[in-house]
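Trainee: Protein chains in written order, with this note's numbering: chain A, 4 to 317; chain B, 65 to 359. In this text, a Cβ means the ideal position worked out from N, Cα and C, and glycines have one as well. Sharing a structure here in structure tokens format.
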């Protein structure tokens, strides 16, 4: 097992390297001169030149790339222009908010999505199946920021049950923390619940058609046991793949939901950085997120080996 | 589809008949039917926008600010007295156009990369590591990043969304391409002297079209949602362009008192995404039997 873990992490290194190079080129090879943008439209040529030298933009692109990689290896992801703070500490400050949101959302999504998909598959072609699938389809078709605004009108403004904005750290109590997060987390979960339910249902239908399911039923295994042990167990690999994908969708979606609910997370940081044209901050934040997703993918691969002994990595 | 094996004198008439059979099978699928109607209505509304309404989408009538929906203003008016119904109609043009071009570009780019990877073995591992790295980002983040670098223009939204979805389509096309390149008729084509270009575009591409079309439809739905999200974050098509996301974003500050400003464009986004998802479900079930999920 140790060897598998080590090899998966070793394989992640080139991907991380590529992510770093891509992030670099994303910010450097595109039109527009960052120095002009940062210095402002009215800046004198001398001021622009100073900014350019300060950011190292006057050097050849390849040299900049090598410098950027060397700095990354030293743990230096750059320094924000607007915050007067290193990118790493800016992200670290906001990480708990985004992680809390993604976590609560994930905890809601996984059981609900899987349960809906499995139940729909078991009651295939009934009104229940049709109803669940219609709801799942609507879930993947609604824009989350729009649902968020409607939800705030209903639950915060009209009913007054939940706060409409803001974040409460968990050390001020579990309930205030959850109360602040539950609304954004549910809004964020809707798309992923629909997505997961649709995937789980189709995987389950495929497995339920297999001969060994008929055999299980024929030899008198209870329906519950058939579904849970014989059928669902065999969909686990795909369900876990989708769950990992969902985790990254959640972090991506949090960029928008954080904006509506004024949660001071990484998504809000990123939007703020884009609005202020704080290129080092955009670049560093994107890269840290990219690394996080690579890490998530490695973890999923490792979970496969744990749940399905047939999966082997050489 | 047994007709397809008929040879001889009828061979000329076959393509047309096969297409007809396909259309019949598609329309027998309930999801496809509903999706088709929704998308057709939206496309018609977008195309006929200047006929349906005589008002300009950016025309301001300060006298009529914040009017709730009425006969005169079916969807009400916004903070500048602009007719929300007109803006939503013109918004359909912009949002559907962005969604369409972005998903089409993603499909073309994905098809080229995927086929190249499937055909040229040495290129494969390189391209796949590349897509691994891009797929590490959720599409919406990638689109935000690219769009931020390109600046606020309609074209950069399209490019950003297309680029964000290229890795996914490349993966899908590559997967079918890898299966197809091992089939006998590819060997036959090679033996009869077909070059790489001919094999890829005449023999491999047509056989990858079904999964490509299915993913294009779903990406269309995602792209509409993503475009709206980008607009909402303020990095979509620059105002006063009436994209659906822009209108929701503008109406957000008045969402309690003037709910109609943000409600109707949001319904437009949802309907468009729903329609494309339904079309995608239908196409997948009919075109791609391996992915068949309905009996």
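Determine whether the beta carbon atoms of residue 135/A and residue 124/A lie at a separation below 7 Å.
Mentor: No, Cβ-Cβ distance for residue 135/A and residue 124/A is not below 7 Å.
Trainee: Can you name the residues that DSSP bridges to residue 147/B?
Mentor: 141/B
Trainee: At the level of alpha carbons, what is the spacing between residue 291/A and residue 146/B?
Mentor: Residue 291/A and residue 146/B: Cα-Cα distance of roughly 43 Å.
Trainee: Taking residue 262/A as the query, report the chain B residues whose CB atoms sit under 7 Å from its CB, ordered along the chain.
Mentor: 297
Trainee: Starting from residue 90/A, trace the alpha helix (DSSP H) in both directions and tell me its first and last residue.
Mentor: 90-125
Trainee: Determine the chain B residues that contact residue 237/A at a beta-carbon separation under 8 Å, and present them in chain order.
Mentor: Correct list: empty, because the minimum Cβ distance to chain B is about 16 Å.
Trainee: What residues in its chain sit with their C-beta under 6 Å from that of residue 159/A, if we drop five residues either side in the sequence?
Mentor: 165, 167
Trainee: Using the C-alpha atoms, what's the distance from residue 239/A back to residue 265/B?
Mentor: The alpha-carbon atoms of residue 265/B and residue 239/A are separated by roughly 38 Å.
Trainee: Using a Cβ-Cβ cutoff of 9 Å, what residues of the segment 324-347 of chain B are near chain A? List them in chain order.
Mentor: 326, 327, 329, 330, 331, 333, 334, 335, 336, 337, 338, 339, 340, 341, 342, 345
Trainee: Is any beta-carbon of chain A found at less than 7 Å from that of residue 205/B?
Mentor: It does; some Cβ of chain A falls within 7 Å.
Trainee: Leaving aside the five residues before and after residue 295/B along the sequence, list all residues of the same chain whose C-beta is less than 7 Å from its C-beta, in chain order.
Mentor: 301, 307, 309, 310, 313
Trainee: Comparing C-alpha positions only, which one of 253/B, 328/B, 197/B, 217/B sits nearest to residue 16/A?
Mentor: 197/B
Trainee: For residue 164/B, decide whether its Cβ has a neighbour in chain A, counting only Cβ atoms nearer than 7 Å.
Mentor: no
Trainee: Run through DSSP, which three-state label would residue 288/A get?
Mentor: helix
Trainee: Does residue 93/B get closer than 7 Å to chain A when you measure Cβ to Cβ?
Mentor: no
Trainee: Applying a beta-carbon distance threshold of less than 8 Å, which residues of chain B neighbour residue 29/A?
Mentor: 209, 210, 213
Trainee: Buried or exposed, going by whether 16 or more other CB atoms sit within 10 Å of the CB of residue 130/A?
Mentor: exposed
Trainee: Is residue 161/A helix, strand or coil when you go by DSSP?
Mentor: In this structure, residue 161/A counts as helix in the three-state DSSP scheme.
Trainee: Here's a check: name, in chain order, each residue in its chain whose Cβ is nearer than 7 Å to the Cβ of residue 183/A, leaving out the five neighbours to either side.
Mentor: Same-chain partners within the cutoff: 166, 169, 170, 171.
Trainee: How should residue 195/B be labelled, buried or exposed, when 16 other C-beta atoms within 10 angstroms of its C-beta is the threshold for buried?
Mentor: buried
Trainee: Under 7 Å between beta-carbons, which chain A residues line up against residue 130/B? List them in chain order, please.
Mentor: Taking a Cβ-Cβ cut-off of 7 Å, residue 130/B has no neighbours in chain A, whose nearest Cβ is about 16 Å from it.
Trainee: Pull the bridge partners of residue 5/A from the DSSP assignment, please.
Mentor: In the DSSP output, where bridge partners are listed per residue, residue 5/A has none listed.
Trainee: Closer than 7 Å by C-beta to residue 303/B: which residues in its own chain qualify, once you throw out the five before and the five after it? Chain order, please.
Mentor: 310
Trainee: Quick check: what's the CA-CA separation for residue 269/A versus residue 173/B?
Mentor: 31 Å
Trainee: Going by the CB atoms, is the gap between residue 253/A and residue 108/A shorter than 7 Å?
Mentor: yes
Trainee: Among residues of its own chain, excluding the 5 on either side of residue 27/A, which ones have a beta-carbon nearer than 6 Å to its beta-carbon?
Mentor: 68, 71
Trainee: Taking the alpha carbon of residue 335/B as the point to measure from, which residue in 92/B, 103/B, 238/B has its own alpha carbon closest?
Mentor: 103/B
Trainee: Quick one: list the residues of chain A neighbouring residue 320/B, beta-carbon separation under 7 Å, in chain order.
Mentor: 156, 160
Trainee: Alpha helix (DSSP H) containing residue 212/A: first to last residue?
Mentor: Residue 212/A -> no alpha helix (DSSP H), and no H or E assigned at all.
Trainee: Which of the three DSSP states is assigned to residue 229/A in this structure?
Mentor: helix
Trainee: In chain order, what residues of the same chain have a beta carbon less than 7 Å from the beta carbon of residue 318/A, not counting five sequence neighbours either side?
Mentor: Only positions 4 to 317 of chain A appear in this structure, which leaves residue 318/A out of reach.
Trainee: Less than 7 Å between the C-beta atoms of residue 118/B and residue 345/B, yes or no?
Mentor: no
Trainee: How long is the line joining the alpha carbons of residue 7/A and residue 307/A, rounded to whole angstroms?
Mentor: 11 Å
Trainee: Which residues, in order along the segment 173-202 of chain B, keep a beta-carbon less than 8 Å from a beta-carbon of chain A?
Mentor: So the close ones are 193, 194, 196, 197, 198, 200, 201, 202.
Trainee: Show which residues of chain B have a CB atom less than 7 Å away from the CB atom of residue 146/A.
Mentor: Per Cβ cutoff of 7 Å: 289, 292, 293, 330, 333, 334.
Trainee: Can you tell me whether DSSP reads residue 367/B as helix, strand or coil?
Mentor: Here chain B has residues from 65 to 359 only, and residue 367/B is not among them.
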